[in-house]
Amino acid sequence: MLVRTEQQWEAQEVDLDDVDDLDGIADLARASSVDEEPVLLLVEQEDTWFAVIRVDGEEDPRIYVSDAAAVARSAYGDTLLTADVLGHDPDDEEEAPPTGPAGDETVLADLGVHPDELADLGSGGKMPADALIMIAERLGCADELETVR
Numbered sequence: 001m002l003v004r005t006e007q008q009w010e011a012q013e014v015d016l017d018d019v020d021d022l023d024g025i026a027d028l029a030r031a032s033s034v035d036e037e038p039v040l041l042l043v044e045q046e047d048t049w050f051a052v053i054r055v056d057g058e059e060d061p062r063i064y065v066s067d068a069a070a071v072a073r074s075a076y077g078d079t080l081l082t083a084d085v086l087g088h089d090p091d092d093e094e095e096a097p098p099t100g101p102a103g104d105e106t107v108l109a110d111l112g113v114h115p116d117e118l119a120d121l122g123s124g125g126k127m128p129a130d131a132l133i134m135i136a137e138r139l140g141c142a143d144e145l146e147t148v149r
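Under the UniProt record's numbering, think of the first position of the sequence shown as 1, with each following residue one higher.
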């Protein structure tokens with residue numbers, strides 16, 4: 001988890017195994033927030049997908065996933081694949097999660113990662129760990145991220 005302070009980002013290690021749903025993730029992020037600055041959870045799993053979860057104060061979490069179909073097959077599918085991410089009801093069995101990126105591509109735009117750049121990282125064949133490092137580099141906190149990897 002990356003927590004924005006007035007002057008920098010701080011990295012914190014978190015265990016999402018104890019979190020049951022998106023509200024739990026948001027509560028975890030809010031508990032670490034400094035003066036309602038953004039908190040980012042960067043998640044990757046088994047070199048198949050990555051997710052960016054952003055929490056700003058009391059606002060609803062914003063989520064971007066690099067491969068919705070892969071996330072759906074993981075333990076995080078029910079948590080991360082909300083109607084906002086998918087664009088449809090996740091319980092609709094007639095609509096499978098799309099292969100490829102889904103969610104809010106503007107999640108990091110105000111922090112220096114353009115939506116097109118995020119989409120390219122999600123669909124460009126990069127390893128998820130490499131994509132997250134590239135995101136952290138753009139945010140100016142690659143060294144901080146490395147301390148918790």
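For glycine and all other residues, C-beta sits at the position ideal for the given N, C-alpha and C. All of these numbers come straight from a predicted model, not from anything done at the bench.
How is the beta strand (DSSP E) around R73 delimited, first residue to last? Position 73 of the sequence shown holds residue 73. Secondary structure note for R73: it is in no beta strand (DSSP E), with a DSSP letter that is neither H nor E.
Going by C-alpha distance, which of D20, L22 and V39 is nearest E6? For the purposes of this step, residue 6 is identified with residue 6 of the sequence shown, where counting begins at 1. Taking only the C-alpha atoms, the option nearest E6 is V39.
Taking the alpha-carbon positions, what's the D89 to I25 distance? By 1-based counting over the sequence shown, the position of residue 89 is 89. By 1-based counting over the sequence shown, the position of residue 25 is 25. Roughly 20 Å between the two C-alpha positions.
What are the residues that DSSP puts in a beta bridge with V3? Position 3 of the sequence shown holds residue 3. Per DSSP, E10 and V39.
Only counting the same chain, and skipping five residues up and downstream in sequence, which positions put a Cβ closer than 6 Å to that of D104? On the sequence shown, position 104 is the one that residue 104 refers to. For D104, where only same-chain residues beyond five positions count, the Cβ hits under 6 Å are R62 and Y64.
Range covered by the alpha helix (DSSP H) that runs through V85: Sequence index remark: in the sequence shown, residue 85 carries index 85 (1-based). Counting along the chain, the alpha helix (DSSP H) containing V85 begins and ends at A83 to L86.
R149 classed as buried or exposed, judged by whether at least 16 other C-beta atoms fall within 10 angstroms: Working through the sequence shown from its first residue, we reach residue 149 at position 149. The residue in question, R149, is exposed, as its Cβ has fewer than 16 Cβ neighbours within 10 Å.
Pairwise C-alpha distance: R30 and R4: By 1-based counting over the sequence shown, the position of residue 4 is 4. By 1-based counting over the sequence shown, the position of residue 30 is 30. So the two alpha carbons sit approximately 12 Å from each other.
DSSP bridge partner residues for E44 (one or two, in chain order): In the sequence shown, counting from the first residue as 1, residue 44 sits at position 44. For E44, which the question treats as bridged, DSSP gives the partners F50.
For G100, does the three-state DSSP call read helix, strand or coil? Taking the first residue of the sequence shown as 1, we reach residue 100 at position 100. G100 falls in the coil class under three-state DSSP.
Could you tell me whether the Cβ atoms of D18 and T48 are closer together than 8 Å? Taking the first residue of the sequence shown as 1, we reach residue 18 at position 18. Taking the first residue of the sequence shown as 1, we reach residue 48 at position 48. No, the Cβ-Cβ distance between D18 and T48 is not below 8 Å.
Between the CA atoms of A131 and Q45 - distance to the nearest angstrom: Taking the first residue of the sequence shown as 1, we reach residue 45 at position 45. Taking the first residue of the sequence shown as 1, we reach residue 131 at position 131. Computed Cα separation, rounded: 12 Å.
For P115, which residues of its own chain have a beta-carbon under 7 Å away from its beta-carbon, when the five flanking residues on both sides are left out? Taking the sequence shown and counting its residues from 1, the one referred to as residue 115 is at position 115. Correct list, in chain order: E105, T106 and A109.
If we ignore side chains and look at the alpha-carbon of each, how far apart do C141 and R73 end up? Here the question's residue 141 lines up with position 141 in the sequence shown. Here the question's residue 73 lines up with position 73 in the sequence shown. A straight line joining the alpha-carbon of C141 with that of R73 spans about 30 Å.
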